[in-house]
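Here's the structure we're looking at; comments come further down.
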Ligand SMILES: Nc1nc2c(ncn2[C@@H]2O[C@H](COP(=O)(O)OP(=O)(O)OP(=O)(O)O)[C@@H](O)[C@H]2O)c(=O)[nH]1
Ligand SMILES: [Mg+2]
């Protein structure tokens, strides 16, 4: 008995104190550099006139439609709205099934409660009880969760623009970069892809195939090489050849690994050093992700100062409500939605189109 | 970070603690908290409903009314129910009498199938088998290349041919037979459960190789959709087990419960890290704690921050690093760590604690003994246990109400631990930092 206890305690003490110190150190530097990053982003945004070529992009916007991504979510909402229109707001069953529908979309308990209470209050004030007023109150509440932010992808006035794509393992970073590469190439921009995922086996090969498909250049290194140096080399190459932009792929990393998050900080610093102009740090969230997505968004925002979200795999049966929760909490807009594995399966996101598609009833559709 | 369930209960329980019985309203409020915790842990809403009903049935009954601490009773009931719902009979891997044993891996895109396939191959190798990996993901760019690299790291051969995934799988099995490998693991492309064409393809693969085991690979971070995915894959393939990946993150992993619930098949393996060896059989009790928010490192850190005295902990850590950690420090730190709660609970939150210790039945009363023994030592003895000989040993045993054998065991264990700490790089000054000054100082103290 004593044996076990001594071993257990010493282990405990060693591990607990290590965790404790690491977490304390980690946290303070995290907040410091996190706010520095945010500060810097703000300043730069003001100092530089950032040129946007949204028109060009939407002109070449891929044929995919947000409806392609929402077929499943629409089904559950339209069923709900169907019953709602025939009912009244005094019907508790309707509110319960609304709660269930929202929770099943991975919106999370907090926002679900917020939407429901907000709608209830609004209806009480208006004194209405009919189902269609209920439906529009809900739509309004959902609309209010989206931040009032610019959703256009930003380019810098001077070349090269740099976009950094980050996220946990397997969410669709590399594929999204392939799609982005196709998108900007269609605009006549010349791109170099930076294969800064030097960790995962064959990650650079995967990106290289996307580079070939989309006519982009690529900079890659050996497995295990310093990712920052790959980004650096890409920027040098872009500057030397007069390319318009660099899109950097990064290794998937769990936000709980502090060494990897530090690596990301370093990557960001490299990506914003002259002659580069870092205008986007895009966090990729997988639509199947549950409540952990919020923690991911928080941690990546702290480490890399994200400017936008890409919600992928919306073509599946998952509804992706976690992206909305992340947008609401962090004030960082969803900019793009992935709805398939092909180069043109990437959509520019618009909250109104999204809600239209989501909430149109069976007969509108 | 979400509040953990323990915190939430704390509030409710402070209200109801000491009460002989819980009113229905009080039970309701506890169950509401449990529901919230489960939903935040990504357990499917429908599954949560069933679960709560079952807990309610078990807690409102006679037994609750009779129990001394109803609150504890509720927690226990929830934990037991959860462990039960996650567990049940475990999948025992048996091998085909006519090799090879065929394993098929399936799942959504990006869940970690390829890595899990390689990890499973390594696991089979450690069981004394000779696996072959078959790359039938011909969809994602460079997927086969990735499998080849991982196979190389696991020292397991990899087979693949371009073209059709069904044919690749079939020739993979033939290849295994030809070169005498006794296990074949077939990696397939990620696919959406609503993609009829690709679901038909994977069931064609299954039909043509008749796998002995079909595993659904599920990402621990998956949300409410886990049930749909699991149901569809189960219909197309008839699953034998689940592999849960990315458990090294901080996702609660409520999907484990959802999937177990709809498929009715056990979670078989968990993948807990980036290294190929980070792969283990599944333990339902650990998962139950994690889902309830009672078993993760972040909780532990938060708890440590809340309860530990910063200065004392830092001092202890410094002494550990400096190789000066003696019984005095041990006592002091032990009292600190004890504040964090029952030893077993704290241990269960730590990753990487050896199974023997995690599963050992730790009697908290024994702790008191350890404390008493150390307290009965003089300062000099604590600093330098080597001086504790026969007569001192007897005095300490008497003083602490234990035996000399117990004192001896404690001393020996502590010494071994010091050695271990040193080898872990915790206990001794690192060579680069070693200064003559420090070494002298250490010697002086020893004398
Ligand atoms: N159906 C669907 N699949 C997608 C989408 N985006 C990516 N995928 C698939 O998801 C899988 C993982 O995508 P990757 O691009 O390799 O993900 P990653 O984040 O780069 O992964 P790591 O680098 O390993 O962390 C691939 O099979 C992709 O084809 C999407 O919008 N819809
Ligand atoms: Mg990638």
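Protein chains in written order, with the working numbering: chain A, 1 to 365; chain B, 1 to 447.
All C-beta atoms, glycine included, are put in the ideal place defined by N, C-alpha and C.
None of the values given here were measured: they were computed from a predicted structure.
A contact between stretches requires three or more CB pairs, one per stretch, nearer than 8 Å, and the region 157-177 of chain A meets this requirement with the region 262-279 of chain A. Secondary-structure assignment with DSSP links residue 213 of chain B through a beta bridge to B/103. The beta carbon of residue 246 of chain B sits closer than 8 Å to some beta carbon of chain A. At a cut-off of 8 Å, the C-beta of residue 109 of chain A has a neighbouring C-beta in chain B. Looking at the DSSP output, residue 194 of chain A bridges to A/219, A/248. Classified as exposed, residue 28 of chain B has fewer than 16 neighbouring CB atoms from the shown chains inside 10 Å of its CB. Bridge partners of residue 277 of chain A according to DSSP: A/161. Shown here, residue 376 of chain B sits in coil according to DSSP, grouped into three states, outside any helix or strand. CA-to-CA, the gap between residue 55 of chain B and residue 78 of chain B works out to about 6 Å. Shortest Cα-Cα distance from residue 132 of chain B to any of B/401, B/184, B/171 involves B/184. Contiguous beta strand (DSSP E) elements confined to the region 93-176 of chain B occur at 101-107, 131-136, taking only those with 3 or more residues. The region 378-389 of chain B makes contact with the region 317-332 of chain B: 3 or more CB pairs, one atom from each, lie closer than 8 Å. Inclusion of residue 173 of chain A in the 7 Å shell around ligand 2 follows from its C-beta lying nearer than that to a non-hydrogen atom of the ligand.
Here residue 255 of chain A is buried. Its C-beta has 16 or more other C-beta atoms within 10 Å. The closest heavy atom of ligand 1 lies less than 7 Å from the beta carbon of residue 251 of chain A.
Considering only beta carbons, the part of the region 184-209 of chain B lying closer than 7 Å to chain A consists of 192, 193, 194, in chain order.
Per DSSP, residue 398 of chain B is one residue of the alpha helix (DSSP H) stretching across 390-400. Interface residue (Cβ-Cβ distance to chain A less than 8 Å): residue 137 of chain B is not classified as such.
Residue 323 of chain B has no beta-bridge partner at all, per DSSP. When DSSP states are grouped into helix, strand and coil, residue 271 of chain B belongs to the strand group. Counting the other Cβ atoms within 10 Å of the Cβ of residue 41 of chain B gives 16 or more, which makes it buried.
Residue 159 of chain A and residue 273 of chain A have their C-alpha atoms roughly 13 Å apart. Exclusion of the five residues before and after residue 331 of chain B leaves 374 as the residues of its chain whose Cβ lies within less than 6 Å of its Cβ.
Taking C-beta atoms as the reference points, residue 169 of chain B and residue 206 of chain A fail to come closer than 8 Å. Straight-line measurement puts the Cα of residue 309 of chain B at about 51 Å from the Cα of residue 348 of chain A. DSSP, read as helix, strand or coil, puts residue 259 of chain B in helix.
Residue 106 of chain A and residue 190 of chain B do not touch by the CB rule: their CB atoms are close to 19 Å apart, not below 8 Å. Judged by beta-carbon spacing, residue 400 of chain B lies within the 8 Å limit of residue 376 of chain B, meaning their Cβ atoms are closer than that value.
In its chain, beyond the 5 residues on either side, 331, 332, 333 have a beta carbon closer than 8 Å to the beta carbon of residue 149 of chain A. About 24 Å separates the Cβ atoms of residue 318 of chain A and residue 281 of chain A, ruling out a contact at the 8 Å cut-off. Ranked by Cα distance from residue 252 of chain B, the options B/228, B/182, B/289 are led by B/289. For secondary structure counted as the beta strand (DSSP E) over 3 or more consecutive residues, the region 79-137 of chain A holds no complete run. For residue 289 of chain A, no beta strand (DSSP E) run applies, since DSSP gives it neither H nor E. At least one heavy atom of ligand 1 lies less than 7 Å from the C-beta of residue 176 of chain A.
Among the CB atoms of chain B, one or more fall inside 8 Å of the CB of residue 206 of chain A. Here residue 316 of chain A carries a coil assignment [DSSP, helix/strand/coil].
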